[in-house]
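Heads up: the structure comes next, in structure tokens.
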Amino acid sequence: MLRITAIPNTSAAKNYYKSADYYVENQELTSHWHGKGAALLGLEGAVAKEDFERLCDNLHPQSGLQLTAKHLENRRVGYDLTFSVSKSISILYALGQDDRLPNEFRGAVADTMAEIEREMSTRVRRKGADFDRKTGNLVWADFTHHTSRPINGTPDPQLHIHAVVFNATYDQEEKQWKAGQFGGIKADAPYFQAIFRTRLANRLQALGYEIRKTKDDFEITGVPERTIKEFSRRTTLIEKTADLLGIKKPETKAKLGATTREPKKEGQTWNSLVRGWEDRVTLRERHAIHETVVNSHRETPLPELANAAALDWAMRHSFERSSVVSERELVTTALKHGLGSVSPEGIYKELGSRKDLIRREVDGRTMVTTKGVLGEERKILEFAQKGRGRFRPLASPDSFPQRGVLSSKTEHATTPPFGQSEKLRAGTTQQEAKHSAELALRSTSYSTAPTVRVDASAAEPDLVTLTLAEQPKKVDLSPSQLAAVRHAWYSRDPLILIRGAAGTGKTTMTKALLQGVDVPWVILAPSAEASRGVLRREGFENAETLAKFLLDDETQQKARNGLIVLDEASLAGAHDMARLIQVADSIHARILLLGDRRQHKSVARGDVLTLLEDRAGLPVAEVSEIRRQGGEYREAVKLASQGRVSDAFEKLDRLGWVKQGGDIAGDYVAAIKDGKSVLVVSPTHAEGDQVTAAIRARLKLEGRLKGEEKEFQRLEPMHLTEAERSDPGSLQPGLVAQFHRNAGEHKAGSRHTLATPSDLSGTPAGSYQLFTVDRLSLAQGDSVRITANGKDLSGKHRLNNGATYSVDGFTDAGNIRLNNGWVISKDFGHIAPGYVVTSHASQGRTVDVALLAMGNQSVRAMGSEQFYVSTSRARQKTQIYCDDKEAVRDAIQRDDQRMLASELVRAPRKGIKEKLKKRVAFLRDLGSRVMDGVRSRGMEKRRDLTHELG
């Protein structure tokens with residue numbers, strides 16, 4: 001393990017020269033100077049106290065003069081890079097008395113520090129310059145310790161090294177010592193940790209030890225598990241504290257070490273500690289430890305290197321969710337996966353031989369993508385560009401509803417036979433057949449004028465079905481809604497883009513748009529709740545998921561020679577979009593994408609809207625007038641939609657809606673008492689779980705949760721990539737595999753609880769998802785959220801992933817009865833408390849009041865997309881609950897900047913990129929406005945600006 005922490009002041013730095021936290025009587029804790037910078041200062045060998053303390057005071061160790069050019073009063077002295085070994089290594093050193101292990105440990109640390117040293121840089125600020133220059137030298141001292149902090153007064157064996165790196169590096173160009181730039185090194189900590197673990201594992205295997213990978217590290221084979229657990233009391237304590245606090249992230253858990261420490265206990269000898277440790281293991285365990293050391297001295301073949309296989313796996317894993325990754329991220333993944341059978345040099349050599357990889361340096365970092373990912377993006381762009389201007393407009397002027405049609409009644413008018421259908425053999429096009437039918441209808445006096453819907457037959461493509469439908473009611477559109485409808489109607493392109501900010505009435509606009517088109521259409525959304533839930537509730541009765549459409553030929557044929565509408569398009573990945581384009585091409589359909597690139601993007605790789613808007617050169621209509629909110633709240637959401645999240649936060653704060661502290665549970669209960677719909681949003685599941693507990697406790701006090709609680713199995717998705725699911729290391733006993741397609745003896749929909757990692761050997765990883773098993777307590781009145789698509793106990797009702805229901809009670813058989821009368825099987829498993837959702841799950845939802853839990857533990861998960869989506873959900877009010885306003889303000893300014901493969905291969909020179917983006921955006925917007933004006937003038941001659949809507 002490698003942890004990098006800042007040394008904040010001189011006093012803290014000087015403590016490292018003392019026995020630090022782990023004084024052991026009569027054990028000499030020697031330290032040594034390292035680094036090219038130390039050699040430049042004349043420092044070598046053992047660290048002398050005077051030299052060390054002079055550097056802590058930013059003084060030259062020889063002359064005593066100020067070392068770096070600038071000396072700020074509160075300067076950062078340096079950084080502590082703490083390297084730790086896994087527990088089995090410490091046990092073999094302490095109880096197995098293998099004195100070779102500390103030397104190999106120090107060697108792995110030295111090798112890793114040499115790589116870090118090569119990355120060292122300093123800032124250049126002369127003559128108006130502002131950039132970083134590589135210096136390649138460090139000054140650092142190592143402090144080796146052999147025990148952990150005590151638990152109940154006694155430490156456990158734990159080899160670790162504090163590499164104290166001083167904040168000084170020599171700039172050869174300027175001929176002076178300057179402060180170092182450590183930001184890049186801290187950002188690359190996972191990479192350097194992987195380098196360290198790989199080098200240590202290889203050194204230990206060269207000694208003769210066998211290793212086995214664990215979830216986050218490796219252990220030496222032969223050391224009993226019980227022994228490892230016995231001497232991991234600090235880790236156990238931290239894990240228990242983390243569970244109590246709902247903390248799951250490894251980096252946050254690491255910080256708990258400082259808050260769970262006991263005071264150091266001095267005066268214990270090494271021999272007395274060893275005797276105490278030996279008393280804590282059994283005779284059989286002690287024998288196993290010594291046998292492991294003895295066996296390591298026997299000559300054994302080293303494992304065969306598998307650099308190519310490790311890199312293959314890393315590429316499958318990395319490019320499933322990213323179009324472009326840094327080379328170091330890819331190498332880190334390969335080293336972690338192939339630990340024990342790879343080397344850093346081997347992975348880099350393999351990288352250099354790959355012809356399918358594309359590399360380019362961006363802002364000082366080497367970024368990579370694959371030809372396959374680039375080809376996928378190019379297919380999307382080709383579809384958008386190759387048919388530009390070659391299609392007929394989606395709407396014919398003669399088919400537009402005319403002004404006054406709803407009032408065209410006569411005294412003896414009759415009611416039209418709504419729903420009546422007739423199949424016609426289409427000797428002409430569907431559009432012409434519909435036009436002829438509508439002309440005939442105008443000669444008949446009806447009390448309510450009908451319209452004609454045309455459907456194509458998938459089984460009999462030469463037939464069309466004409467159905468009489470009720471004429472929609474009039475609805476006024478905003479200027480931008482009207483412009484967007486016209487943009488789609490008059491488009492002659494195969495792919496049409498409409499950008500709709502949150503709360504702008506995109507649904508109303510879409511209804512108006514589809515009511516006027518002259519071709520068959522289908523409407524889709526990436527998620528079940530967005531399609532079968534939200535869209536169907538909004539009146540799109542046949543709305544379907546993108547996944548269903550891509551797999552179901554019957555659904556696809558409904559859009560033949562027509563239009564495919566994809567709502568919430570920002571949530572669709574590039575792979576699915578490429579498949580959608582392939583289907584559209586095969587059925588001669590066009591695609592209309594509705595979405596907002598400033599909202600959340602897909603989990604899968606790709607940022608499709610950005611790709612099309614920036615690279616395809618397509619005109620984009622934007623629906624911009626926000627209708628969901630009013631007053632200053634609307635202004636705040638507008639700022640967030642423009643990317644001005646700091647200004648939006650400030651406006652919400654001035655409204656009194658940003659609270660440091662606050663009673664979010666009490667405000668939730670008060671809102672539901674007032675009959676308001678409420679949505680609680682948290683950036684992380686950990687904070688969401690804490691808020692859920694607080695809300696449920698308050699609901700119990702209010703008597704809103706009734707009766708005895710029942711406990712149910714809860715399946716929590718692990719969200720592993722396909723590569724991870726194919727790794728036996730991920731297939732731990734107790735996990736549940738649920739199949740979404742047939743695979744051998746496993747049928748779609750079935751589940752299998754793993755007994756051994758080999759249970760799914762040979763089973764395609766793409767056929768199932770993995771879940772951990774937890775328990776969930778529910779009472780009458782609880783809110784429950786569905787976490788995977790399924791059906792109720794009767795099999796008649798669909799349960800959509802993301803849908804929320806209220807628990808009405810429980811059946812005699814122990815099943816869950818919902819407030820709508822549906823019953824969920826007690827074994828369904830895909831359920832969670834419905835009070836709090838992440839911002840990803842909230843996208844597309846609308847409520848009266850939104851309450852945002854944004855405490856310090858969720859700061860790392862905050863960003864501009866998360867803030868924008870969360871604050872735009874409510875009609876009336878959004879309240880933010882935080883620990884530190886400034887921390888939240890800083891965190892929400894981070895963007896989910898995903899680089900596209902197309903962007904990587906065409907990356908312009910630094911400084912030009914943003915100018916080009918702004919120029920292209922300006923020209924595209926100008927072009928759209930001009931065309932809208934032209935179309936508008938032509939349109940005025942044919943129809944009123946009021947649109948008919950169903």
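Residue numbers (full-length UniProt numbering): 1 to 950. All residues carry an ideal CB built from backbone N, CA and C; glycine is no exception.
Range covered by the beta strand (DSSP E) that runs through His145: Trp140 to Thr147
contact_flag[the stretch 863-873, the stretch 670-685] where n(CB pairs < 8 Å) is 3 or more: yes
Anticipated Cβ contact below 8 Å, residue 959 with Ser343, distance rounded: Shown here, the chain extends from 1 to 950; a query on residue 959 therefore has no answer.
Alpha-carbon spacing of Leu699 relative to Arg118, whole angstroms: 58 Å
Where Ser84 falls: helix, strand or coil (DSSP): For Ser84, the three-state secondary structure derived from DSSP is strand.
Start and end residues, beta strand (DSSP E) containing Ser31: Ser31 to His34
Three or more C-beta pairs below 8 Å linking the stretch 33-48 and the stretch 132-144: yes
Residues of its chain near Ser677, where Cβ-Cβ distance is below 8 Å and the 5 sequence neighbours each way are ignored: Val847, Asp848 and Val849
Buried/exposed call for Ala194, threshold 16 Cβ in 10 Å: Counting Cβ neighbours within 10 Å, Ala194 comes out buried, since at least 16 surround it.
Length of the line joining the Cα atoms of Ser783 and Arg532: 20 Å
Closest Cα partner of Gly539 within the set Val522, Ala547 and Leu720: Check the Cα spacing between Gly539 and each of Val522, Ala547 and Leu720: the tightest is with Val522.
Span of the beta strand (DSSP E), counted from its first residue to its last, around Ser121: Taken as a continuous stretch (DSSP letters only), the beta strand (DSSP E) holding Ser121 covers Ser121 to Val124.
Sequence-distant residues of its chain with Cβ nearer than 6 Å to Ser902 (five each side left out): Glu377 and Arg615
Cβ-Cβ distance between Arg280 and Gly208 below 9 Å: no
C-alpha distance - Leu571 paired with Ser726, whole-angstrom precision: 25 Å
For Thr692, the nearest candidate out of Pro833, Ser794 and Asp808 (CA to CA): Pro833
Asn15, DSSP secondary structure in three states: coil
Run of the alpha helix (DSSP H) containing Phe105, from where it starts to where it stops: Arg100 to Arg118
Distance CB(Lys877)-CB(Phe810) smaller than 9 Å: no
Buried or exposed (CB count within 10 angstroms, at least 16 for buried), Leu41: buried
Separation of Gly573 from Val603, as counted between CA atoms: In a straight line, the C-alpha of Val603 is about 7 Å away from that of Gly573.
Within 9 Å, strictly: CB atoms of Ser478 and Arg627: yes
Run of the alpha helix (DSSP H) containing Leu2, from where it starts to where it stops: From DSSP, Leu2 is part of no alpha helix (DSSP H) but of the beta strand (DSSP E) over Leu2 to Ile7.
Inter-stretch contact at 8 Å, needing at least 3 Cβ pairs: the stretch 795-813 / the stretch 650-666: no
CB-CB length for Ile816 against Leu799, believed under 8 Å: About 11 Å separates the Cβ atoms of Ile816 and Leu799, ruling out a contact at the 8 Å cut-off.
Separation of Lys379 from Ala395, as counted between CA atoms: C-alpha separation (whole angstroms): 27 Å.
Three or more C-beta pairs below 8 Å linking the stretch 883-900 and the stretch 666-674: no
Neighbourhood of residue 953 by C-beta, 6 Å cutoff - its chain only, sequence neighbours within 5 removed: No information on residue 953 is available, as it lies outside the stretch 1 to 950 that the chain covers here.
Residues that DSSP places opposite Ala832 in a beta bridge: Arg785
C-beta contact flag for Arg714 and Leu776 at 9 Å: yes
Beta carbon proximity, Ala559 to chain D, threshold 9 Å: Among the protein chains of the structure shown there is no chain D, as only one such chain exists.
Residue from Asp130, Asp99, Glu304 and Thr545 with nearest C-alpha to Asn202: Glu304
Rounded separation between Pro150 and Ala94 - CA only: 16 Å
Cβ distance (whole Å) where Ala46 is taken to contact Arg316 below 8 Å: Actually they do not touch by this definition, with Cβ atoms about 48 Å apart.
Reduced DSSP secondary structure (H/G/I, E/B, other) of Ile626: coil
Within the stretch 514-580, ranges of the alpha helix (DSSP H) (whole runs, at least 4 residues): Counting whole runs of 4 or more residues, the stretch 514-580 contains the alpha helix (DSSP H) stretches 546-551 and 553-557.
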